Amino acid sequence: MPVALLTDGAFSADVLAHSGLVVVDVWAEWCTPCRALVPIFEALAVRFDGRVRVAKLDADANLETVTRYDVRALPTVLIFQGGVLVERLSGARALGSYVDAIEAHLNRAGMAVTAVSSLERAVAPLPPTPAESHAIREARELLAHGEAMLVFKHSNSCPVSFTAKRQYDQFVAANPDVPTRLVIVQQERELSNALETVSRLRHESPQALIVREGRVLWDASHGGITKPRLEQAFVTVQPHG
Numbered sequence: 001m002p003v004a005l006l007t008d009g010a011f012s013a014d015v016l017a018h019s020g021l022v023v024v025d026v027w028a029e030w031c032t033p034c035r036a037l038v039p040i041f042e043a044l045a046v047r048f049d050g051r052v053r054v055a056k057l058d059a060d061a062n063l064e065t066v067t068r069y070d071v072r073a074l075p076t077v078l079i080f081q082g083g084v085l086v087e088r089l090s091g092a093r094a095l096g097s098y099v100d101a102i103e104a105h106l107n108r109a110g111m112a113v114t115a116v117s118s119l120e121r122a123v124a125p126l127p128p129t130p131a132e133s134h135a136i137r138e139a140r141e142l143l144a145h146g147e148a149m150l151v152f153k154h155s156n157s158c159p160v161s162f163t164a165k166r167q168y169d170q171f172v173a174a175n176p177d178v179p180t181r182l183v184i185v186q187q188e189r190e191l192s193n194a195l196e197t198v199s200r201l202r203h204e205s206p207q208a209l210i211v212r213e214g215r216v217l218w219d220a221s222h223g224g225i226t227k228p229r230l231e232q233a234f235v236t237v238q239p240h241g
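Using the UniProt record's numbering, count along the sequence shown one by one with no gaps and you end on 241.
In structure tokens, the structure reads:
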């Protein structure tokens, strides 16, 4: 199967509504390292044909998606499971690195299906509304991230939020290995509300949450969001061996 071409307009249908694994190469024509991924993604499409949707997104032509997922470097590979962003890999990497990441997520998805099947007779979950279903699921997936992740809720109509986002941007630039998720409230209102529901923290914007394994480890809002405080918070929440 050839590598699929994605657009802003079809991203929800082609990626977010897909029940399985989708691997997206975010690239640009002017990006020299991006060219190294062309044969690699063609090989991935062949190797995982029928099991994984392999696709590419032109960053210059699809700024809405690039902004939504806070893509800051090219190439960046985004991995979605059931419509939820579960991993990002920045920079061009060897074929084996992508194969390992994909197979790890396929294995996790297989174990999750087994667990659900064994419980579905005993548990009858409340049916969410169509609007809530994906948002609640994504909020739970974000909180369940295996390593500490920074979730930043930003309002693009609030001067205070723009000040906090500059601090967030500085933190991200200085700590590229820290998993992050930017939520622009006006564009992802349902996810923002779902995060309030799942985390049980009252919504504020700007708001920064450090989450891991289903818990909020640290949170701050408004003037409390600064690069030094974020860095200190990550030092605090890291497990000590």
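Heads up, the beta-carbon is just placed ideally off N, CA and C, and yes, glycines get one too.
As the structure is a prediction and not an experimental result, all values here were calculated from the model.
Cβ pair residue i, residue j closer than 8 Å
i, j, result
"E147", "P176", "no"
"residue 311", "S192", "For the chain, the structure presents residues 1 to 241; residue 311 sits outside this window and is missing."
"E42", "V77", "no"
"D58", "W27", "yes"
"V172", "R72", "yes"
"F22", "L44", "Strictly speaking, residue 22 in this sequence is Val, with Phe absent from that position. No, the pair does not count as a contact, with Cβ atoms beyond the cut-off."
"F152", "V198", "no"
"L201", "V216", "yes"
Inter-residue spacing [alpha-carbon to alpha-carbon] between residue i and residue j
i, j, result
"F234", "T67", "24 Å"
"L150", "P39", "33 Å"
"G83", "V15", "6 Å"
"R189", "C158", "15 Å"
"R88", "I79", "6 Å"
"A164", "Q187", "18 Å"
"R212", "R140", "11 Å"
"I210", "V46", "37 Å"
"M1", "P228", "47 Å"
"V185", "L143", "17 Å"
"S155", "W218", "20 Å"
"A55", "G9", "15 Å"
"D25", "S97", "14 Å"
"D49", "L63", "28 Å"
"P125", "R137", "Residue placement at P125 is poorly supported in this model, since its pLDDT is 43, which falls under 50; the coordinates are not used for a value here."
"H18", "D60", "24 Å"
"L37", "E29", "12 Å"
"L85", "C31", "23 Å"
"G224", "G214", "23 Å"
"A13", "V99", "25 Å"
"Q81", "H145", "13 Å"
"Y168", "H203", "18 Å"
"R166", "T226", "9 Å"
"C34", "Q207", "33 Å"
"Q170", "H105", "30 Å"
"L95", "F11", "25 Å"
"E196", "E103", "32 Å"
Burial state of residue i (16 or more Cβ within 10 Å)
i, result
"Q232", "exposed"
"S221", "buried"
"Q238", "exposed"
"N107", "exposed"
"V116", "Because the pLDDT of V116 is 38, which lies under 50, any placement of that residue in the model is unreliable, and the number read from its coordinates should be weighed accordingly. With fewer than 16 Cβ atoms within 10 Å of its Cβ, V116 is classed as exposed."
"P75", "buried"
"R181", "buried"
"T65", "buried"
"L6", "buried"
"A174", "exposed"
Integer Cβ distance of residue i from residue j, believed to fall under 8 Å
i, j, result
"V52", "G20", "7 Å"
"A194", "A135", "4 Å"
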